[in-house]
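Asker: Just so we're aligned: the sequence shown equals residues 3 to 351 in the numbering used here.
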Amino acid sequence: MSSETSAPARTATSYEVTVGSMTFKQSTDDGLSMLAVEDHVDMVQMLTLRLSGSEGKPTWNVKIGDPVTCKLGSGEEPIFQGEVTSVEPSYQVDGATTLNIRAMDNTHRLGRGRKTRFWENMKDSDVVAEVGAECGLSVDADATSEVLPYILQRNESNVAFCKRLAARNNFILRVDPAKGKLLFKKASFQGQSTKITMGKDARNLRMSYNSVDQVQKVVVRGWDPSKKQEIVGEATTADIEAIGGGEKGADVAGCFGDAVAYVTDVPVSSQSMATEIARAEINRLARSFCRGSATVQGNDKIRAGAVVEFEGFAPGQNGKVFVMSSRHVISGRTGYTTEFTFCSNTMGT
3 MSSETSAPAR TATSYEVTVG SMTFKQSTDD GLSMLAVEDH VDMVQMLTLR
53 LSGSEGKPTW NVKIGDPVTC KLGSGEEPIF QGEVTSVEPS YQVDGATTLN
103 IRAMDNTHRL GRGRKTRFWE NMKDSDVVAE VGAECGLSVD ADATSEVLPY
153 ILQRNESNVA FCKRLAARNN FILRVDPAKG KLLFKKASFQ GQSTKITMGK
203 DARNLRMSYN SVDQVQKVVV RGWDPSKKQE IVGEATTADI EAIGGGEKGA
253 DVAGCFGDAV AYVTDVPVSS QSMATEIARA EINRLARSFC RGSATVQGND
303 KIRAGAVVEF EGFAPGQNGK VFVMSSRHVI SGRTGYTTEF TFCSNTMGT
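1) Any idea what DSSP makes of A9, helix, strand or coil?
2) Buried or exposed: where does D226 fall if 16 or more other Cβ atoms within 10 Å of its Cβ makes it buried?
3) Exposed or buried, what is E6 when buried is set at 16 or more other beta-carbons lying within 10 Å of its beta-carbon?
4) Under 8 angstroms, with one C-beta from each stretch per pair, do the stretch 289 to 299 and the stretch 198 to 212 reach the 3-pair mark?
5) Suppose only complete runs of 3+ residues qualify. What are the beta strand (DSSP E) ranges in the stretch 148 to 181, listed by chain order?
6) Which residue wins for smallest C-alpha separation from T318, given the options S328, K73 and G350?
7) Quick one: what does DSSP say T109 is sitting in, helix, strand or coil?
8) Report, in whole angstroms, the separation of the C-beta atoms of N347 and K188, which I expect to be a contact under 8 angstroms.
9) Please work out which residues of its chain come closer than 6 angstroms, Cβ to Cβ, to K183, disregarding the five sequence neighbours upstream and downstream, and give them in chain order.
10) Mind checking whether F342 and V325 have CB atoms under 9 angstroms apart?
11) With a threshold of 16 other CB atoms inside 10 Å of the CB of K125, please say whether the residue is buried or exposed.
12) Could you tell me which of A145, H42, G134 and S147 sits nearest to C2, measuring between CA atoms?
13) Please go through the stretch 213 to 291 and give each complete alpha helix (DSSP H) segment of 4 or more residues, from N-terminal end onward.
14) Whole angstroms are fine: how far does the CA of G248 sit from the CA of E232?
15) What three-state label does DSSP hand E79 in the structure shown?
16) Measuring CA to CA, which of A162, L49 and R170 is closest to S147?
17) At the level of alpha carbons, what is the spacing between A276 and L167?
18) Just the C-alpha distance for A399 and N172, rounded to the nearest angstrom, thanks.
19) Could you give the residue range of the alpha helix (DSSP H) that holds G134?
20) Any Cβ of chain B within less than 9 angstroms of the Cβ of R286?
21) For A237, which residues in the same chain have their Cβ closer than 6 angstroms to its Cβ, ignoring the five residues on either side in sequence?
22) Considering Cα atoms alone, identify which of E79, M106, V46 and V43 is closest to V21.
23) State the start and end residues of the unbroken beta strand (DSSP E) segment that holds K73.
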């Protein structure tokens, strides 16, 4: 049968995808017509392969559960590691036949089923390490400070539970594709950034600065039943970890007057825990100040959790942003492109 589309542009970038015992490379005519890798700081990473041509080829011998590794560009470390979760053959009357292969990183195992259970006198980081090990995952976790008397998983999947623990500590839960480890880490906005210049790297860029939801203080209130005392934790704009070099969005919104957000529906056992939750919440709200999306020439360094720095744009629109999601696509029609969404808690420079 005829191929659906031409193979990916051979001058776009080098790639190497291993599915089980099979390997797809830029230099081989293997029927691969599209490759996409998507990730998000709050979601499972996914890879999609589209094979075109005659069914029954050796490259069609794919099984759910086969391990998958993908490298793009000149990088030695893989951009994706996971396992096949879906195989989708498609047949058309005109003779076009395709096979879509979808793979997810190993955090998808954490999403299988729901559980209700509890832990006593443990840290959030230790609980995440235990849950990850149950699902056969190696875990690299930054230690959280508070030993909690009671941690409840309340009829939720392991991934939803672990993400909730990450959110209240201002952490991010994701998989490191290079090491295949589940990461439970504090969000980092420092370190080396990837520079993007309009007209050179960027094909398009859209961004929005929005003062809605920006607050100057977050107050967390709880109750200590043993001491019969209120527990209060607070965080202010000074606790916001700036991403870019401009003015913080919460300070910009201060021109409308001070606003306070209250959190009263999260169980807290100590004042230090309440303060930590307040800091996590004010940082979460602050990151909604600037949101945007961009399409650039393919760049395997732009990943969810990375930092990108814009250059050469209008004054007030340059500076660093935090990548929330990325989509790397190689196809015969577009070559290699990278689409990503981003956020920031500061004005541009």
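Glycine included, each C-beta is placed from N, C-alpha and C at the ideal position.
Answerer: Per the coordinate set shown:
1) The residue given as residue 9 occupies position 7 in the sequence shown. A caution first: A9 carries a pLDDT of 40, below 50, which makes its placement in the model too unreliable to give a value.
2) For the purposes of this step, residue 226 is identified with residue 224 of the sequence shown, where counting begins at 1. D226 is exposed by the Cβ-count criterion.
3) Position 4 of the sequence shown, counting from 1, holds the residue named residue 6. Low confidence applies here, because E6 scores a pLDDT of 40, under 50, leaving its location unreliable and the question unanswered by this model.
4) yes
5) 153 to 158 and 173 to 178
6) As a first step, residue 318 is located in the sequence shown; it is residue number 316 there, counting from the start. According to the sequence displayed, residue 318 carries Gly and not Thr. Answer by Cα proximity: G350.
7) In the sequence shown, counting from the first residue as 1, residue 109 sits at position 107. In the three-state reduction of the DSSP assignment, T109 falls in the helix class, which pools H, G and I.
8) Along the sequence shown, read from residue 1 onward, the residue named residue 347 stands at position 345. Along the sequence shown, read from residue 1 onward, the residue named residue 188 stands at position 186. At roughly 15 angstroms, the Cβ-Cβ gap does not stay under 8 angstroms, so N347 and K188 are not in contact.
9) Walking along the sequence shown from the start, residue 183 turns up at place 181. Here the set comprises S140 and D142.
10) Position 340 of the sequence shown holds residue 342. Position 323 of the sequence shown holds residue 325. Yes.
11) The residue labelled residue 125 in the question sits at position 123 within the sequence shown. Buried is the call here.
12) With the chain represented from 3 up to 351, any question about residue 2 goes unanswered, as that position is not in the structure.
13) 251 to 254 and 273 to 288
14) Residue 232 sits at position 230 when you count from the first residue of the sequence shown. Residue 248 sits at position 246 when you count from the first residue of the sequence shown. Their backbone Cα atoms lie some 37 angstroms apart in a straight line.
15) Reading the sequence shown from its first residue, position 77 is the one you call residue 79. Reduced to three states, the DSSP call for E79 is coil.
16) On the sequence shown, residue 147 is found 145 positions in, with the first residue counted as 1. Taking only the C-alpha atoms, the option nearest S147 is R170.
17) In the sequence shown, the residue the question calls residue 276 occupies position 274. In the sequence shown, the residue the question calls residue 167 occupies position 165. One C-alpha to the other measures close to 14 angstroms.
18) Since the first residue of the chain shown is 3 and the last is 351, residue 399 is not available in this structure.
19) The residue given as residue 134 occupies position 132 in the sequence shown. In the DSSP assignment, G134 falls within the alpha helix (DSSP H) that extends over D126 to E136.
20) The structure shown contains no chain B; it holds only a single protein chain.
21) Translated into positions along the sequence shown, residue 237 becomes position 235. V220, A280, R281 and I284.
22) In the sequence shown, the residue the question calls residue 21 occupies position 19. For the residues E79, M106, V46 and V43, the minimum Cα distance to V21 belongs to M106.
23) The residue labelled residue 73 in the question sits at position 71 within the sequence shown. Per DSSP, K73 belongs to the beta strand (DSSP E) from P69 to L74.
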